[in-house]
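J.:
In this note's numbering, the protein residues as written are -3 to 168.
(1) Find the nearest neighbour of residue 69 within the set 49, 80, 136, judged by alpha-carbon distance.
(2) Roughly how many angstroms lie between the CA atoms of residue 138 and residue 154, to the nearest whole one?
(3) Suppose only complete runs of 4+ residues qualify. What are the alpha helix (DSSP H) ranges in the segment 19 to 105, listed by chain order?
(4) Between residue 152 and the ligand HEM, is the CB less than 6 Å from at least one heavy atom?
(5) Helix or strand or just coil, what does DSSP make of residue 142?
(6) When DSSP labels each residue in this structure, what does residue 134 get in the three-state scheme?
(7) What separation, rounded to the nearest whole angstrom, lies between the Cα atoms of residue 19 and residue 33?
(8) I'd like to know whether the C-beta atoms of residue 62 and residue 73 end up nearer to each other than 7 Å.
(9) Just to check my reading of the structure: residue 174 and residue 76 have Cβ atoms closer than 8 Å, yes? What is that Cβ distance to the nearest angstrom?
(10) Using a 10 Å radius around the Cβ and a threshold of 16 neighbouring Cβ atoms, would you call residue 149 buried or exposed?
(11) Within 10 angstroms of the Cβ of residue 121, are there 16 or more other Cβ atoms? Answer buried if so, exposed if not.
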C-alpha cells in the first residue's frame, strides 16, 4: 500500500502535534520549578549566603506537592522556607494550587455534557499527573457556577424599562 502526499502530511502533522504538546508540558513543569527557585532566592538569598536579603528566612528542604496544570493535578517538588522557625508559604505555590485554573475548564466541559465520573478521560496525560477525583471536579464546578449565578442574580435592571404581557389560557 502506497501513501499519498496528503496522507504523509497528516501523519507528520499528528506526530508533530504530539511532540509539540509533550515539549510544552515539559517546559511548563520546568517553568514552575524555576518560579519556586526564584521565589526562594528572593526570600532566602543565594545558597550558602550568610544572611537573607529579607530578614530571617532560611531554606528548609522540600516536600512533595501538587499544582494544577492544564486542568490536571501534577506532582511537584515544593521547596520549604521558614522564617523564625515557622513555615512560610510560597506565594507561587499557593497561586498554582488555586482552583480557578481548574474551574473554567471544568465548567466548560460539564456544560458540554461531560460528567464528573468521566472527567479523567477528558484529561491529556501529563507525565507525573495524578488526575482529579470526582469530588474535586464537582467542587470546582459548584464554586465556578456559584460565581456565575451570583453575577446573573446581581445584575442591575434599574436602567431598563420592561413591558410584559402575560397570557394564561387553558381553554379558548
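All C-beta atoms, glycine included, are put in the ideal place defined by N, C-alpha and C.
Just so you know, these numbers come straight off a predicted model, no measurement behind them.
T.: In short, the structure shows the following:
(1) 136
(2) 29 Å
(3) 87 to 92
(4) Here there are no bound small molecules, and the ligand HEM is not part of this structure.
(5) helix
(6) helix
(7) 21 Å
(8) no
(9) No answer is possible for residue 174: it lies beyond the span of the chain, which begins at -3 and ends at 168.
(10) exposed
(11) No answer about residue 121 holds up, because its pLDDT of 45 lies below 50 and its placement is not dependable.
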